[in-house]
Structure formats: structure tokens, C-alpha cells
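Engineer: So that we are looking at the same thing, I have put the structure below in C-alpha cells.
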Amino acid sequence: MTVLVRTDSPPVQPAKLVDDFAPPLILPGAHKLCAGCGEPAAMRAVVEMIDAMGFTNRAVAVFGIGCYTSFSPGLDVEVLQALHGRAPSLATGLKRVHPNSIVFTVQGDGDMVNEGLQEVIHTAARGENVTCIMLNNGVFGETGGHMTATTVLGQRTKNSLEGRDAKKHGFPIKLAEMLAPLDGVAYAARGATNNARNIFRTRRMLKGALAAQEGRRGFSFVEILTMCPTGWFIETADAPDYLDDKLASFHSMGVIKDVATGSE
Amino acid sequence: MSAELLEGSEAIARAMVSAGCRFFAGYPMTPFTEVLEGMARLLPDVGGDCVNAESELEAIGMAWGAAAAGARAATGSVGQGLSLMQESIAELCFARVPMVVLNMARGQGDYYQATRGGGHGDYRTIVLAPADLGEAVRVVQLAFYLADKFRNPVMFMGDYYLAHVFEAVDTVAVDFGKLPPKDWALDGTSSGTGNARIVSSIMPTKRNAAVYVEYGAYLETSGEKIAAIECGMDPLYEEGWCEDADCVVVAYGTPARIVRYVVGQLREEGLRVGFFRPVTLWPYPASQLFAATRSARAIAVYELNAGQMIDDVRLAVRDRYARSIGGLSFDSSGFGIAPALTPMKVAARIREVMADIRQGVPA
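Chains as they are written, first to last, in this note's numbering: chain A, 106 to 369; chain B, 9 to 371.
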């Protein structure tokens, strides 16, 4: 039998506290998001990859406005707060002034695809050496579950109660597929945080995107599908499967473009 | 360096580069376009960057990112373009990001937009409105200094004439004094140190900060910040012939040059007319205008709009008689070239106010 805690002698090392296990670049303290939210795992994957790639003391995050904005004071990473939708232009100015910094945006689907679609498209088209990260849960989580431009057909939200109907609400936008053909884009991928395997894949995508920025190959983009049981009006435990069944069946996961490997 | 004959927009662009501006972003709109052209040509030679933004929204966003990175950054536009930028201007005030915003207005219809703003929340922007190029090349540099000093956007207000008039000016750098280092600016180097910096309008400190500031407590400092600017700078203004004036004429920008000339002419005729020109439109030189109009029985306001600055004049002169003698004056080009802006018309309108005084001004 494996001995977890030896009780036959005095402790040989001090007891560990929860904060001793905190991942890198996350300050002590808990996040304030709902139970079952997929965003904390995404945020952690991002900063862990920054740390793992040795970019720590060059990293600046540009935050949009959404639930994830509450991470901004809890990261040991420099943060520039943008208006809703406007992070890519701020990232552009920042990166142009400090070309050796590693600049990434953290935005939601409402922030990036609704309010700020023009910003991200033009930043991508310019081939700006920044990484834009979209946490896509298909709803405005912060307002309480309203329809965004990525809400999939049939999905119920507070302002599409009968489910998103294309006749009434139009069709959802697949942003990663829309950006990938632009010449300025070096990397585009879509991951998810609904299970360990997808988090692992997402980490690899973040690595590919940050490597593209470091190699000055152009604009890099990672979309991460995240759970929002509160905004989806479902049981917390059902959210990972709901993500697979509803969101990922339309917004399919995978690397869509990587100029480093020539895949498109 | 010495004085050189330059067009207004070129002189403004050169003066900005002299002030240390190294990042500029913009979207074309006359007469802002000409400054954008100048910056696109001048900045690469000094290691700076000028980006052609896809809209005014992105232009101010790019300048915001550059300013947060510690660079002296500027953007600008005209009327409608500045309307688009209002959300960012307000938020830049809350986030305490310095920036110079060129308001290359055509006429003077955007006085409210510049001095009140159309953004959200409790904020104020310093507004500087020069009347000629000699003043313009100085105050556009002062704008960068004040922006850094107060960590607040500063608006430089021009007009169609200022952008296109040719005058001999020296665009050499002006030293306004020392400024504290930008130890708040972002470059990535503080990440991972346990004290990573944050430039945010809503999360003013990291949660492990030695002095943690809540959002609500931060918002409550908005009034203190506005007061700090109002008390921390002397409003700029020009006055003439006010000591014994029965009527003081108030004007700003290029039209003030015409008004100053006309008031001088009327003085030679023996009319007791005075002249007052605010250069800072916010903070408004209210107590200075109050003092300058002590002897006046009427205050006339000449501005190329339906009457906007007259609100600030009335606040300054309190219960005294103030009358608008400017008025809408548009040519069909839409550029606000103002056909009514002639010395004869201005003189006739000042004489009307003098007649008011003789007949007894309304109480």
C-alpha cells in the first residue's frame, strides 16, 4: 500500500498550503467565476504556456470586457485593459512600441465577434505580431446568457428563448475559419477546456500561436471553447458534454492554419 | 533651428515630432488628413511609427496601446471621427493614460464636443485652442507635457484655417520642465516579479498590491483628479484693451485673430472695446475673464457656431449681459470656411452691441 502521509516519525518537510500548488503567474486567491465555468482552465493554460516557453518577463495581456476580465488583477502578468471589443488595436500599439514583448489579448465571443469583429479582422490582415485569444462559450456570460454572434443554431439564450433561429437571428460566425485565409495570419486554431484531452490540445495550440509571434511570422489566433452552465441554463455537470454536442459540432476543433508546418 | 515658412498641418506635425511623439495613428478626414500625411512621412525617420487605422475607433485604440507602453502617442480626427472616439477618450481618463488628441475641427461647431465630451462618466480633458501657428507649435508640445503630467488625454483644437494657413514658425523642441518617470508603463518586464503592472480603468491594482484599490473607491477619486488638473495648471488666455472697456469681445481660435484686429481698429476710432481670448477651453479662464470684464456693461461672444462657448462665458461673467455675435457661417463646401468671417461683418456686430449698451442693456 502506498503511504500518503507518514505518521511513524516527525514531518521531514513543512506542511504545504493550497497556494503552494498554485500554477505559475497566478496570484494567491480564488477566481470569482461560476462553478463549472470553462474560462479559468483556459486562462491557466495561457499563462502556463507563457511560463513554459520562457516568455514570462516579456508578456503583456490585453483584456477585453467579459467574465474573464476578473482574472486581470489575479495574474502576475502585466495587463492593459481595453474597452469591449477593442483589445486588438491596443495590442497593436503596444507591440509596435515594444516589438520584443509577447502581447496577447484575452477576449470573449461577444467582445471579439460581436463588438470588435472589425478590429480582429484588420489586426489579422495587417499580420500584426500579436496573439489574439478568444474564449468562446456562445453567450454573453456576464450579462446572464444572451445571444452572441457565435451562438449555435437552436441554442436557447435569454434573447433567443425558442433557440437561435437563422430566419430571425441569422447564422453564427466561425471566426477561426474566417481569419485563417487572410495572408497576415500565421496561425489559427480552435481548442476547448471541457476535458483534460482538449485542454492538452489547447495548450499545444497556444504553443503554436505564441511560437508564431516569437518567430515574427504574423498574426496568431486561438479560439477556446469554454463551458458556461450558468448562461446555457443547464446543470453544471452537463456542461462539458453540452459543449461537445452543441458548440463543437458547429465550431469544430483543430489547427486550421499553421504557416510553420505549411498546413492550411 | 530658425523660422521656416510652413503650412499649418506640416508645422503641427513637425512640432509633435519635436515634442517626442513617436506613435501616431489616424484615419483620413480633412483637415486632419494633412497632419496624418505629415506624421506618416516624418515618424519613420526618427524611429517612430505611424499606422493607417481602419477607423477612428482603432486609431485611438492603437494610440492607447502605444501610450500605455510609455511612448508619446497621438491621434485625432474631425467632428464625426471624434464622435466615434468619445468612448475611448472617456475611458483613457479613467485609465489615466496620457495621449494627445488632435481635434482638427473645420469651423467651431465642436466646442461642446471638445469641452464637454460625449463620453461616459466623470471625466474632463484639457483643451488647447491656439489662434496662429506660432502658438500652435508651442501648445501642441505643451499638450504632450500636460498629458504626461496629469496622465490624462489632452485635446489640441485646430480649425480649417489653422491647418492650411502658411506662416513662418520655428518647430524646435520646447522644454516645459521635468516629468516623473513613467514607472507605470507596460513592457512585459514586470510580469512574473510578483508586482506585475496593470493599466486599467476598472481594476486599478493587482489583488496582491501593497495598497489595494477597489473599483468603487477608484471611481470616487474621479472628482479629485479633475480638481487636481483645474488647480494644477494656469489657464492660458490673451486679453487686450479690457481695463476701461464698455464691451469685451470674447473669441478663440482663428476667428479670434480677426476679432483682435477689429477691436484694435475700433479702439482707434475711440470706441471702448476690449478683447479676450481663451487658449485653454478647459480649464476655462473663468476668473481671468471675470476680472477682464469688471468694467464692461456687455460681453460679446464671436464664435463660428450657433452659440456654444457663450455658456462658459456666462458662467464666468455671472449676471452680466452676454450676447452671441458670431453665428453659423458655412460655405457650401462643408469645410467651415466661414464667409461671415470678415472684419467688416465682425465690426458691424460689435457696433450693434455698443448700441445695446447706449440703449441700456437688458437686466
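The beta carbon of each residue, even a glycine, is placed where N, CA and C say it ideally should be.
Values in this document were obtained by computation on a predicted structure and should not be read as measured data.
(1) Comparing the C-beta of residue 145(A) with each C-beta of chain B, is any distance below 8 Å?
(2) Thinking residue 41(B) and residue 135(B) are a contact (beta carbons under 8 Å), I'd like their distance in whole angstroms, please.
(3) Please specify which runs of the beta strand (DSSP E), each continuous and at least 3 residues long, are wholly inside the region 196-283 of chain A, giving them in chain order.
(4) Per DSSP, residue 286(B) is paired with what?
(5) State the beta-bridge partners of residue 12(B) as determined by DSSP.
(6) Could you work out which residue in 156(B), 144(B), 52(B) is closest to residue 174(B) when comparing CA atoms only?
(7) Using 8 Å as the Cβ pair cut-off and three pairs as the minimum, do the region 216-231 of chain B and the region 252-261 of chain B touch?
(8) Measure from the C-beta of residue 196(A) to each C-beta in chain B and report whether the shortest distance is under 8 Å.
(9) Using CA coordinates, which residue listed in 230(A), 361(A), 160(A) is at the minimum distance from residue 289(A)?
(10) Would you tell me roughly how many angstroms separate the C-alpha atoms of residue 131(B) and residue 219(A), rounded to the nearest one?
(11) Can you have a look at residue 287(A) and say buried or exposed, based on whether 16 or more other CB atoms are within 10 angstroms of its CB?
(12) Assuming residue 149(A) and residue 178(A) make a contact with CB atoms under 8 Å, what is their CB distance in whole Å?
(13) Measuring CA to CA, which of 189(A), 208(A), 244(A) is closest to residue 221(A)?
(14) With DSSP collapsed to three states, give me the class of residue 362(A).
(15) I need the DSSP call for residue 237(B), collapsed to helix, strand or coil.
(16) May I ask you to report which of helix, strand or coil DSSP gives residue 32(B)?
(17) For residue 170(B), name the three-state secondary structure that DSSP assigns.
(18) For the alpha helix (DSSP H) containing residue 101(B), name the first residue and the last one.
(19) For my contact list, residue 253(B) and residue 297(B) are in at a C-beta cut-off of 8 Å; report their separation, rounded to the angstrom.
(20) May I ask you to report which of helix, strand or coil DSSP gives residue 371(B)?
(21) If you draw a straight line from the alpha carbon of residue 336(B) to that of residue 314(B), how long is it in whole angstroms?
(22) Among the residues of its own chain, which have a CB less than 8 Å from the CB of residue 237(B), if the five just before and after it don't count?
(23) By Cβ distance, which residues of its chain are closer than 6 Å to residue 335(A), with the 5 residues on each side in sequence left out?
(24) Rounded to a whole number of angstroms, what is the C-alpha to C-alpha distance between residue 313(A) and residue 356(A)?
(25) In chain B, which residues lie with their C-beta within 7 Å of the C-beta of residue 161(A)?
(26) Any C-beta of chain B within less than 7 Å: which residues of the region 207-236 of chain A qualify?
(27) Kindly indicate the opening and closing residues of the beta strand (DSSP E) around residue 374(B).
Structural biologist: Inspection of the coordinates gives the following:
(1) no
(2) That belief does not hold up - the Cβ atoms of residue 41(B) and residue 135(B) are roughly 21 Å apart, past 8 Å.
(3) 207-213, 236-241
(4) 245(B)
(5) 177(B)
(6) 144(B)
(7) no
(8) yes
(9) 230(A)
(10) 27 Å
(11) buried
(12) 16 Å between Cβ atoms; not a contact.
(13) 189(A)
(14) strand
(15) helix
(16) strand
(17) helix
(18) 87-103
(19) That pair is no contact at about 12 Å.
(20) Confidence is the limiting factor: at residue 371(B) the pLDDT is only 49, short of 50, which leaves the residue's position unreliable and the question unanswerable from this model.
(21) 5 Å
(22) 132, 134, 158, 160, 291
(23) 139
(24) 19 Å
(25) 199, 200
(26) 207, 223, 224, 227
(27) In the structure as shown, chain B begins at 9 and stops at 371. Residue 374(B) is therefore absent and cannot be evaluated.
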